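Chains as they are written, first to last, in the numbering used here: chain C, 91 to 220; chain Z, 1193 to 1587.
All remarks here apply to the structure that follows.
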Amino acid sequence: MKYSEISILLVDDDEMIRNCICAFLEDEGFMVHQASSGEEALDSIVSINPTVCISDLRLAGMDGESFIRRACRLCPTTAYLLHTGMDYPLSDELRAIGMTPADVLQKPIHELSTLTRRIVAVATAGGRIG
Amino acid sequence: MPLRYAAEQIEQHKKALVDILDTLPSIIVRVDRDGCVDLVNRRFELFSGVSAGNALGMRIVSLIPQFADQLENVGQVIDSQTPMEFDKLLCRKGSQLSYYSLEIYPLKSEGEAMAVIRIDDITEHVRIEEIMAHTEKMITVGGLAAGMAHEINNPLGAIMQNAQNIERRVSSGIPANLKAAGEVGVSLDLVRAYLEKRGIFEFISHIRTAGVRASNIINNMLHFSRRSEPQIESVDLSEMLDRTLELVASDYDMKKLYDFRNIDLVREYAPTMPPVSMVVQEMEQVFMNILKNAAQALSESGKEGTSRITMRTYADHGMAVIEIDDNGPGIDDSIRTRIFEPFFSTKEVGVGTGLGLSVAYAIVTKGHHGSLTVRSKPGQGTCFTIELPAGEELR
Ligand SMILES: Nc1ncnc2c1ncn2[C@@H]1O[C@H](COP(=O)(O)OP(=O)(O)OP(=O)(O)O)[C@@H](O)[C@H]1O
Ligand SMILES: [Mg+2]
């Protein structure tokens, strides 16, 4: 599998975080898109149809959980990851769309290669990418 | 009743009374109105260093002068026929500080007016009270920290992750780096040589390590304020311990400060163990904190021979017991009594915050109805023992 076949949509309202995580993911060779809010991401997600979507939980406006609930209706084959600084138990709704506790990434991620590993794991699971 | 028999009986009763007095954990003395001793028990002899024979008739104040202030009240207690209590009296014996409680009771026997003095060592009790008070404070602080954590996590993430980005963008492994270097007409190798020569790689690595450290401190603080319902699972201990060992070995901070690869990790798991109910993340933190301490102690000791940590499990009277045993430098008695206190650390500032074991203690005892104890032989090693109720449901 080539990383360049994996497209990622990163949703975070903190520009600093978007900037550094996107830089890392681009260096890894992924195809990276970003959005600064859930609303903005919903506008673009259909045309991007990302392999993986990573969303912050606490966003200005719509929160990450409601964003994912709506996004997964638009792009049901996308794998969703939550990125949060809070102690967040996964809701039943998100479990129902196939998310597991391992899909909740605790901020701050100490070593970004753990993010790569998770992305690759969810991208290959369910035959999203061969 | 023949007289001889009666005398025997009295003697037997007397002996029984003395036995009782000597068995009690308290120091007991009977004095007259002038404070002169007419009866002491074994504890008193041990405490004062004066034998019963020598103590009789002496003034109590001269035998245990550290309690002189309180003992002055003997006369008043007898006159008013109301007892007096003194709590948390601090006494120093050599370098050791101990707390005592002292009570004076009027004795309502016929004849001469007397008083009984009872003194108890309550050091352990006071210490636990202090730890609890400290924990309460930590919970409040933790509440604040929880509010701040989200705000801090983003900038902290940016610091650590951008440091990682910098490392990567000057590495030769990424094609885009070579391309950009080519475009501006510099050689990436020379750039790297310069950065190396000026110690810049080391600075970057220190930024990352410092960020990880700060983040770990915040995580430990947060433990005291977890608001969401923790998820309780029934787990297989051997599997759980193995996973924790993996986590420990892959922690970035740990790799830097001490190397688990130089430590012989021995597993002595009981072949069959009952399942244990626990909040996995919390217990993982307990084992990690203890393992991390052991690894730190082993790397500091610089002892000859192999460094070894043994993880042992067995079942005992309905409890699942886990021992984490290291052959490091051990802990002196004076330090051992304090290691579970929040913020108690013998490590350098920046290396230890002294939260590791207090967090572990709170998780095991409060959250899991278990116990966490330590025994240590200075020079030979330290063994932490965790007992958790086996099988049954938590809460
Ligand atoms: N296995 C051990 N061998 C020797 N000393 C130990 C061991 N475990 C703990 N200690 C002692 O107990 C003290 C308290 O440990 P604790 O984990 O609470 O704090 P710390 O390790 O100093 O800091 P932190 O865990 O917050 O980084 C340590 O500073 C150390 O002196
Ligand atoms: Mg520690």
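Virtual Cβ for every residue (Gly too), placed ideally from N, Cα, C.
What you are looking at is a predicted structure, and each value in this text was computed from that prediction instead of being measured.
For Pro1347 (chain Z), the closest C-alpha among the options Z:Val1404, Z:Leu1490, Z:Glu1359 and Z:Phe1395 is that of Z:Val1404. Nearest CB-CB separation between Gly1546 (chain Z) and chain C: not below the 9 angstroms threshold.
Per DSSP, the unbroken beta strand (DSSP E) holding Arg1504 (chain Z) starts and ends at Ser1499 to Asp1508.
When DSSP states are grouped into helix, strand and coil, Tyr93 (chain C) belongs to the helix group. A residue is called buried when at least 16 other Cβ atoms come within 10 angstroms of its Cβ; Phe114 (chain C) meets this threshold and is buried. Every unbroken stretch of the beta strand (DSSP E) spanning 3 or more residues and falling wholly within the region 1251-1338 of chain Z is given here in chain order: 1276-1285, 1288-1299 and 1306-1313. Spanning the alpha carbons of Gly1227 (chain Z) and Phe1278 (chain Z) requires a straight line of approximately 17 angstroms. Counting every other CB atom within 10 Å of its CB across the protein chains shown gives Ile1555 (chain Z) a total of 16 or more, marking it as buried. For Leu1348 (chain Z), the chain C residues whose C-beta falls within less than 7 angstroms of its own C-beta are Pro198, listed in chain order. In this structure, Z:Pro1466 is the residue among Z:Arg1453, Z:Pro1466, Z:Ser1293 and Z:Gln1204 with its C-alpha nearest to the C-alpha of Met1432 (chain Z). Beta-bridge partners assigned by DSSP to Gly1573 (chain Z): Z:Lys1569. Placement of the Cβ of Thr1545 (chain Z) at a distance of less than 8 angstroms from at least one heavy atom of ligand 1 is found. By a beta-carbon distance limit of 8 angstroms, Ser1218 (chain Z) does not contact Ile1351 (chain Z). Their separation comes to about 58 angstroms. When secondary structure is reduced to three states using DSSP, Met1432 (chain Z) falls in the helix class.
Nearest to Val1253 (chain Z) by C-alpha distance, out of Z:Thr1315, Z:Ile1516, Z:Arg1225 and Z:Gln1273, is Z:Arg1225. Positions of the alpha helix (DSSP H) runs, each at least 4 residues long and wholly inside the region 102-185 of chain C, are given as 105-118, 128-138 and 154-164 in order along the chain. A check of alpha carbon separations from Val1223 (chain Z) across Z:Arg1235, Z:Ile1366, Z:Val1210 and Z:Gly1267 identifies Z:Gly1267 as the nearest. Secondary-structure assignment with DSSP links Arg1222 (chain Z) through a beta bridge to Z:Leu1231 and Z:Val1308. Listed in chain order, the positions of the region 101-123 of chain C with a beta carbon within less than 7 angstroms of a beta carbon of chain Z are Asp104, Met106, Ile107, Cys110, Ile111, Ala113, Phe114 and Asp117. The nearest non-hydrogen atom of ligand 1 is 8 angstroms or more from the C-beta of Ser1491 (chain Z). Taking a C-beta distance under 9 angstroms as the contact criterion, Gly1573 (chain Z) and Asp1518 (chain Z) qualify as a contact pair.
Under the DSSP assignment, Leu195 (chain C) falls in the beta strand (DSSP E) whose first and last residues are Val194 to Gln196.
For ligand 1, a non-hydrogen atom lies closer than 8 angstroms to the CB of Leu1549 (chain Z).
A Cβ-Cβ contact shorter than 9 angstroms links Arg1504 (chain Z) with Tyr1461 (chain Z). Beta-bridge partners assigned by DSSP to Arg1459 (chain Z): Z:Met1503. Counted as a single uninterrupted DSSP element, the alpha helix (DSSP H) harbouring Val212 (chain C) occupies residues Ser203 to Thr214. Considering only beta carbons, the part of the region 1393-1408 of chain Z lying closer than 7 angstroms to chain C consists of Val1404 and Ser1407, in chain order. Here Gln1356 (chain Z) is buried, its C-beta having at least 16 other C-beta atoms within 10 Å. Close to chain C, meaning a Cβ-Cβ distance shorter than 8 angstroms, are the following residues of the region 1362-1396 of chain Z: Ile1366 and Ala1368.
The region 183-197 of chain C makes no contact with the region 116-126 of chain C: fewer than 3 CB pairs, one atom from each, lie closer than 8 angstroms. Here Thr141 (chain C) really is in contact with Ile219 (chain C); their C-beta atoms are around 6 angstroms apart, less than 8 angstroms. DSSP places Leu1216 (chain Z) in the coil class of the three-state scheme, outside both helix and strand. The Cβ atoms of Ile1514 (chain Z) and Glu1474 (chain Z) do not sit closer than 9 angstroms to each other.
Annotation: the continuous beta strand (DSSP E) that includes Glu1425 (chain Z) extends over Glu1425 to Val1427. Secondary-structure assignment with DSSP links Val1556 (chain Z) through no beta bridge to anything. If you draw a straight line from the Cα of Leu1299 (chain Z) to the Cα of Ile1309 (chain Z), it comes to about 10 angstroms.
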